[in-house]
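So the sequence shown is numbered by my numbering: it starts at 280 and just counts up by one. Virtual Cβ for every residue (Gly too), placed ideally from N, Cα, C. Shown next, in structure tokens, is the structure this report addresses.
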Amino acid sequence: MPQLNLYNTDQQTNVIIQLQHDCLYYEIDDKIVDYGVPMKLIYQIIPYCIRPFDNITNINIINDTNELQGKTFEQLQQLNVSSDQLLLWSAPLDVAERYQIYLNNQKMNIKTFSNEIFYNCTWPWFGEFCQYAFDYDLELSLNQFVMTMFQLKNNIKFKQLNRFTNLSCYIHLICNRGQAPLCLDWREICDGKVDCLNNGVDEEHCWQLEITECSQNEYRCHNGAHCIPENFLHDDPINPDCLDRSDEPPMQLYPELCPADPAFRCEEHRCMYSRNELMFSCGDGQCIDIDNQCTNERSISYLPMYLLVNNCIRAMACLTLSRSRLDDIPCYKICTEVSCADIVRDECPSLFQFPPMYIFSNHVFFVYKNNQSDYNSKLAPLPEFVCYEQQLCEHSLPTVEIHLFNGSKCISFSEFDFNKKPIVRRLWNDLLMPIKGFFSSLTCISKYRLLDGNQDCYLNDDENFNKSCSLDQKHRFKCSMEDRCLSWILVHDFKTDCLTNDDEVLPDI
Numbered sequence: 280m281p282q283l284n285l286y287n288t289d290q291q292t293n294v295i296i297q298l299q300h301d302c303l304y305y306e307i308d309d310k311i312v313d314y315g316v317p318m319k320l321i322y323q324i325i326p327y328c329i330r331p332f333d334n335i336t337n338i339n340i341i342n343d344t345n346e347l348q349g350k351t352f353e354q355l356q357q358l359n360v361s362s363d364q365l366l367l368w369s370a371p372l373d374v375a376e377r378y379q380i381y382l383n384n385q386k387m388n389i390k391t392f393s394n395e396i397f398y399n400c401t402w403p404w405f406g407e408f409c410q411y412a413f414d415y416d417l418e419l420s421l422n423q424f425v426m427t428m429f430q431l432k433n434n435i436k437f438k439q440l441n442r443f444t445n446l447s448c449y450i451h452l453i454c455n456r457g458q459a460p461l462c463l464d465w466r467e468i469c470d471g472k473v474d475c476l477n478n479g480v481d482e483e484h485c486w487q488l489e490i491t492e493c494s495q496n497e498y499r500c501h502n503g504a505h506c507i508p509e510n511f512l513h514d515d516p517i518n519p520d521c522l523d524r525s526d527e528p529p530m531q532l533y534p535e536l537c538p539a540d541p542a543f544r545c546e547e548h549r550c551m552y553s554r555n556e557l558m559f560s561c562g563d564g565q566c567i568d569i570d571n572q573c574t575n576e577r578s579i580s581y582l583p584m585y586l587l588v589n590n591c592i593r594a595m596a597c598l599t600l601s602r603s604r605l606d607d608i609p610c611y612k613i614c615t616e617v618s619c620a621d622i623v624r625d626e627c628p629s630l631f632q633f634p635p636m637y638i639f640s641n642h643v644f645f646v647y648k649n650n651q652s653d654y655n656s657k658l659a660p661l662p663e664f665v666c667y668e669q670q671l672c673e674h675s676l677p678t679v680e681i682h683l684f685n686g687s688k689c690i691s692f693s694e695f696d697f698n699k700k701p702i703v704r705r706l707w708n709d710l711l712m713p714i715k716g717f718f719s720s721l722t723c724i725s726k727y728r729l730l731d732g733n734q735d736c737y738l739n740d741d742e743n744f745n746k747s748c749s750l751d752q753k754h755r756f757k758c759s760m761e762d763r764c765l766s767w768i769l770v771h772d773f774k775t776d777c778l779t780n781d782d783e784v785l786p787d788i
């Protein structure tokens, strides 16, 4: 039978169990995912634990579904049972340690723990009181079981079964994310976009990360969340040390394979700002742009309910390709008998908001006009207006007021410095990114965000800053033929930022 030894089961003496208890420790097996590159040998242990919502709940309930074979420590000694044998019988570590203490004390004629009972569980049950069993009655070791579960994540039937029942939620922040099962993932806190409908609490106080400073022998992760030793910078591209992966150059296969990888590089990864995409966190290390789909289908779980009932909005979602699928149905099947463009003309009002949610900063939204002649099946229509709450926007923009939308101020989309060619359907992000900087709520940014490939300021001042090499920052890359010093996240990122391309061709960093 497999050996399953729980850790941190002693609720009376172990203070760790105030946060977690009854843990199984899994040693990472790098063979679980093949990234096709040489990998350094790493050692990682993952604790899979019971983590109570509030105070410790007493779960020491003896399982009455099978006949338990309970023996006292005294009886075990009479049978010449060793503590090593208890471990082979899947005894928790705390029980085996107490039994060894009992044996040691017996030699000194000290009576302790003699009446404590060890329960020899019948498979598939395990735990101090035989209170646990896996859903799958397989005779697998813990390593085999974890590998099987992660590999099943690529199985279509398994994904559909667990789509709405297997989401991890961050419960220490009261966040209105919408109807269940929607909830906040810890990776979405301070990720640069508002996810909580209750005043964007997930982006509150994030400025504190901006002022993070590190020691001279440390590298500051780009999001400011923490510092790492300098010698960890660009030391292993497949195993980054920063949660945002900013200490290593990007690898294209790496995040795509994350759904089946339990290692730190995936499970403890959060999406980093992209220079040309708005990202969605899949909750397992994979990051996608908003018109794609997570391998684990978390993005389907977050499909707003209005897209399932409103023909106008459903057709617009397909026409603009803000969604390529609705409830896992491809758009070409949704608009079959009648084109999406015809549905929009017939079903949508003369002016309507799309998407029916804020696109930036919890107050900016698009308004479309239903008399445009450029609706067709191959090109995405442009909005007529971009609307916003004026008191939340410091910039002076030429506006009109549309009473249909609670008095929000609106600016004609044509006012933006934007390529007038119609947007190709698959580039929904190209529609959003040119206006993002206009409605940024940031008035001050960290100097570490200068020349990092992301527009944070209204007029792109942060990317046109001409004194980047005078910054007192050790970890910047100087272009050989220019007086420009780039953020390290732009080095080896498959995009040319120096005139001579030396940020990409450098043999070693």
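- Just measuring C-alpha positions, the residue of 450, 370, 355 sitting nearest residue 393 is 355.
- Excluding the 5 residues flanking it on each side, residue 412 has same chain C-beta neighbours closer than 6 Å at 403, 404, in chain order.
- Contact check for residue 777 against residue 758 passes: the beta carbons are separated by less than 9 Å.
- Under the Cβ criterion (8 Å, minimum of three pairs), the stretch 452-466 does not count as touching the stretch 347-366.
- Taking the C-beta atoms as reference points, residue 692 is found nearer than 9 Å to residue 664.
- DSSP places residue 497 in no alpha helix (DSSP H) but in the uninterrupted beta strand (DSSP E) bounded by 497-499.
- Within a 10 Å sphere around the beta-carbon of residue 734 sit 16 or more other beta-carbons, which makes this residue buried.
- Excluding residues up to 5 positions away in sequence, 306, 307, 542, 543 lie with their Cβ nearer than 8 Å to the Cβ of residue 323 in the same chain.
- DSSP places residue 757 within a strand segment (E or B) once states are collapsed to three.
- Following the DSSP letters along the chain, one finds residue 306 inside the beta strand (DSSP E) bounded by residues 300-306.
- Separation of residue 372 and residue 358 (C-alpha to C-alpha, rounded to the nearest whole angstrom) is 20 Å.
- Between residue 526 and residue 513, the beta carbon gap of about 7 Å places them in contact (Cβ cut-off 8 Å).
- DSSP places residue 614 in the coil class of the three-state scheme, outside both helix and strand.
- Checking the DSSP bridge columns, you'll see residue 630 partnered with 648.
- Bridge partners of residue 560 according to DSSP: 566.
- Secondary structure note for residue 598: it is in no beta strand (DSSP E), and the uninterrupted alpha helix (DSSP H) holding it is 590-599.
- Of all alpha-carbon atoms in 662, 669, 399, the one lying nearest the alpha-carbon of residue 629 is that of 662.
- Counting only the Cα atoms, residue 468 lies some 10 Å from residue 484.
- Assignment of residue 432 by DSSP, reduced to helix, strand and coil, places it in the helix class.
- In this structure, the beta-carbon distance from residue 369 to residue 426 does not fall below 9 Å.
- With distances taken between CA atoms, residue 303 lies nearest to 421 out of 289, 421, 414, 454.
- Excluding residues up to 5 positions away in sequence, 473 lie with their Cβ nearer than 6 Å to the Cβ of residue 482 in the same chain.
- Our two residues, residue 395 and residue 578, have alpha carbons roughly 50 Å apart in a direct line.
- Rounded to whole angstroms, the gap between the alpha carbons of residue 475 and residue 460 is 14 Å.
- In summary, residue 739 is exposed, with fewer than 16 beta-carbon neighbours lying within 10 Å of its beta-carbon over all protein chains present.
- Taking 8 Å as the upper bound for CB-CB distance, residue 501 and residue 551 are in contact here, some 6 Å apart.
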